[in-house]
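*Asks:*
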Amino acid sequence: MKALILGAGGQLGRALVETAPAGTELVALDRQGCDIGDPDQVKAAIAAAMPAILFNAAAYTGVDRAESEPELAQRLNADAAGTIAAAAGEAGARMVHVSTDFVFGGAAATPRAPGDPCDPQGVYARTKHAGERAVAAACPDALIVRTAWLYAARGANFVNTMLRLMAERDEVRVVADQVGTPTWAPSLARALWALAGAGARGVHHYTDAGVASWYDFAVAVEEESRAAGLRDRPVRVVPIATADYPAPAPRPSYSVLDKSATWALLGGTAPHWRVNLRENMRELLDL
163 MKALILGAGG QLGRALVETA PAGTELVALD RQGCDIGDPD QVKAAIAAAM PAILFNAAAY
223 TGVDRAESEP ELAQRLNADA AGTIAAAAGE AGARMVHVST DFVFGGAAAT PRAPGDPCDP
283 QGVYARTKHA GERAVAAACP DALIVRTAWL YAARGANFVN TMLRLMAERD EVRVVADQVG
343 TPTWAPSLAR ALWALAGAGA RGVHHYTDAG VASWYDFAVA VEEESRAAGL RDRPVRVVPI
403 ATADYPAPAP RPSYSVLDKS ATWALLGGTA PHWRVNLREN MRELLDL
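Here is the structure:
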């Protein structure tokens with residue numbers, strides 16, 4: 163099977179490369195290899211690769227920065243997604259598109275199911291939701307997978323930010339009233355390969371198992387990094403309210419995703435987020 167990965171330089175793109183099934187012929191393109199904001203580059207890359215499956219792991223992910231760069235976020239998250247989907251359809255390729263829990267705005271009391279109404283708040287959320295619609299319209303058989311709180315050993319993410327701050331400070335203050343689920347990039351990548359192999363279509367949800375606030379996540383980073391030998395000095399993690407940490411873009415206060423249908427299709431649940439965080443710490447030791 164021949165697979166094309168767009169966004170191969172990002173944390174999910176790298177994980178897709180590293181977890182590709184044996185025998186897969188990979189074409190992995192980072193931003194330099196294919197700028198998804200350039201329709202001509204996108205069409206040329208897909209026409210040259212002629213993949214059986216295409217993973218779109220590229221996106222504009224600056225949630226707060228998007229508030230001041232709405233045109234760029236629209237071009238990369240919405241317009242480019244539609245262009246990629248249309249070109250994939252013309253090439254006869256299955257498309258796997260990655261989206262986000264941010265399409266659900268406001269508060270909730272139960273995990274969000276794939277068919278629940280969306281209410282995206284902020285530029286990033288609205289452009290990612292528009293990207294989903296563009297993909298579905300251009301490529302009806304596409305697989306759209308929403309995930310949340312993604313991190314990996316390399317790249318800009320919450321875990322690496324916390325580790326940097328914990329090396330510099332005696333105390334970190336972290337929001338405790340936003341709840342979701344941390345997701346390790348290799349865990350998501352394996353699920354994407356498995357879902358593609360199972361012929362999944364439409365909207366699916368995938369994160370690691372369990373629930374956490376950002377505060378819970380930070381406490382776990384502090385504990386697991388010391389247990390792994392990455393740090394030897396304890397740091398206080400102080401819970402704060404969202405109101406105490408104002409940001410340009412709104413965040414969902416509860417964005418736990420309902421993965422039951424996805425897990426049934428895959429034949430089992432994902433590892434708990436803390437188990438995968440521990441694996442990530444071991445990986446960091448080897449870098």
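The sequence shown begins at 163 in the working numbering and counts up by one. The beta-carbon is built from N, C-alpha and C at its ideal position, and this holds for glycine as well. Owing to the predicted nature of the structure, the values given are computational and were not obtained by experimental measurement.
#1: Relative to the C-alpha of A255, which residue among G172, E233, I208, L350 is closest?
#2: Which residues mark the beginning and the end of the beta strand (DSSP E) in which H434 is found?
#3: My assumption, with CB atoms under 8 Å, is that A338 sits in contact with P401. Please give the rounded CB distance.
#4: Per DSSP, R324 forms a beta bridge with which residues?
#5: Tell whether a beta-carbon distance below 8 Å holds between A220 and L168.
#6: If we ignore side chains and look at the alpha-carbon of each, how far apart do V437 and D202 end up?
#7: Measure the CB-CB distance between G135 and P414 and report whether it falls below 8 Å.
#8: Mind checking which residues open and close the alpha helix (DSSP H) that includes I306?
#9: Would you kindly check if the distance between the Cβ of N442 and the Cβ of W346 is under 8 Å?
#10: Roughly how many angstroms separate the alpha carbons of V297 and S422, rounded to a whole number?
#11: If you draw a straight line from the C-alpha of D197 to the C-alpha of R352, how long is it?
#12: Can the beta-carbon of D420 be found less than 8 Å from the beta-carbon of R274?
#13: Is DSSP giving K421 helix, strand or coil here?
#14: Would you please state the rounded distance, in angstroms, between the beta carbons of D370 and A432? I believe it to be under 8 Å.
#15: Considering just the uninterrupted stretch of the alpha helix (DSSP H) at P401, what are its terminal residues?
#16: Is the separation between the beta-carbon of K205 and that of A243 shorter than 8 Å?
#17: Going straight from the alpha carbon of Y286 to that of W311, what length do you get?
#18: Of the choices A329, A253, P183, Y368, whose alpha-carbon is the least far from that of I306?
#19: Can you give the Cα-Cα distance for V383 and D226, rounded to whole angstroms?
#20: Is it the case that the Cβ atoms of K290 and F264 are separated by a distance below 8 Å?
*Replies:* So, from the data block:
#1: Numbered from 1 along the sequence shown, position 93 holds the residue referred to as residue 255. That would be I208, whose Cα lies nearest to the Cα of A255.
#2: For the purposes of this step, residue 434 is taken as residue 272 along the sequence shown, with counting starting at 1. Element bounds for H434: n/a, residue is neither H nor E.
#3: Your numbering for residue 338 matches position 176 in the sequence shown. Your numbering for residue 401 matches position 239 in the sequence shown. The Cβ separation is near 4 Å, so the contact holds.
#4: In the sequence shown, residue 324 corresponds to position 162, counting from 1. In the sequence as presented, Arg is not what sits at residue 324; that position holds Met. None, per the DSSP bridge assignment.
#5: In the sequence shown, counting from the first residue as 1, residue 220 sits at position 58. In the sequence shown, counting from the first residue as 1, residue 168 sits at position 6. For A220 and L168, yes; Cβs fall inside 8 Å.
#6: One-based indexing of the sequence shown puts residue 437 at position 275. One-based indexing of the sequence shown puts residue 202 at position 40. The straight-line gap from Cα to Cα measures roughly 42 Å.
#7: This structure cannot settle anything about residue 135, because the visible part of the chain is limited to 163 through 449.
#8: Translated into positions along the sequence shown, residue 306 becomes position 144. Where I306 is concerned, there is no enclosing alpha helix (DSSP H), although the beta strand (DSSP E) it sits in stretches over 305 to 309.
#9: Taking the first residue of the sequence shown as position 1, residue 346 is located at position 184. Taking the first residue of the sequence shown as position 1, residue 442 is located at position 280. Contact flag set, yes.
#10: On the sequence shown, residue 297 is found 135 positions in, with the first residue counted as 1. On the sequence shown, residue 422 is found 260 positions in, with the first residue counted as 1. Using only the alpha carbons, I get a separation of about 23 Å.
#11: Position 35 of the sequence shown, counting from 1, holds the residue named residue 197. Position 190 of the sequence shown, counting from 1, holds the residue named residue 352. So the alpha carbons of these two residues sit roughly 25 Å apart.
#12: Here residue 420 refers to the residue found at position 258 of the sequence shown. Here residue 274 refers to the residue found at position 112 of the sequence shown. It is a contact, given that the beta carbons lie within the stated cut-off.
#13: Numbered from 1 along the sequence shown, position 259 holds the residue referred to as residue 421. Note: K421 maps to coil in three-state DSSP.
#14: Taking the sequence shown and counting its residues from 1, one reaches residue 370 at position 208. Taking the sequence shown and counting its residues from 1, one reaches residue 432 at position 270. At roughly 5 Å, the Cβ-Cβ gap stays under 8 Å, so D370 and A432 are in contact.
#15: Against the sequence shown, residue 401 aligns to sequence position 239. Looking at the DSSP string, P401 is not in any alpha helix (DSSP H); the run it does join, the beta strand (DSSP E), is 398 to 402.
#16: Mapped onto the sequence shown, residue 205 falls at position 43. Mapped onto the sequence shown, residue 243 falls at position 81. Not closer than 8 Å, so no.
#17: Against the sequence shown, residue 286 aligns to sequence position 124. Against the sequence shown, residue 311 aligns to sequence position 149. Approximately 14 Å, taken between the alpha carbons.
#18: Within the sequence shown, the letter at position 144 stands for residue 306. That would be Y368, whose Cα lies nearest to the Cα of I306.
#19: Here residue 383 refers to the residue found at position 221 of the sequence shown. Here residue 226 refers to the residue found at position 64 of the sequence shown. Spanning the two alpha carbons is a distance of roughly 23 Å.
#20: Here residue 290 corresponds to residue number 128 of the sequence shown, with the count starting at 1. Here residue 264 corresponds to residue number 102 of the sequence shown, with the count starting at 1. Yes, Cβ-Cβ distance for K290 and F264 is below 8 Å.
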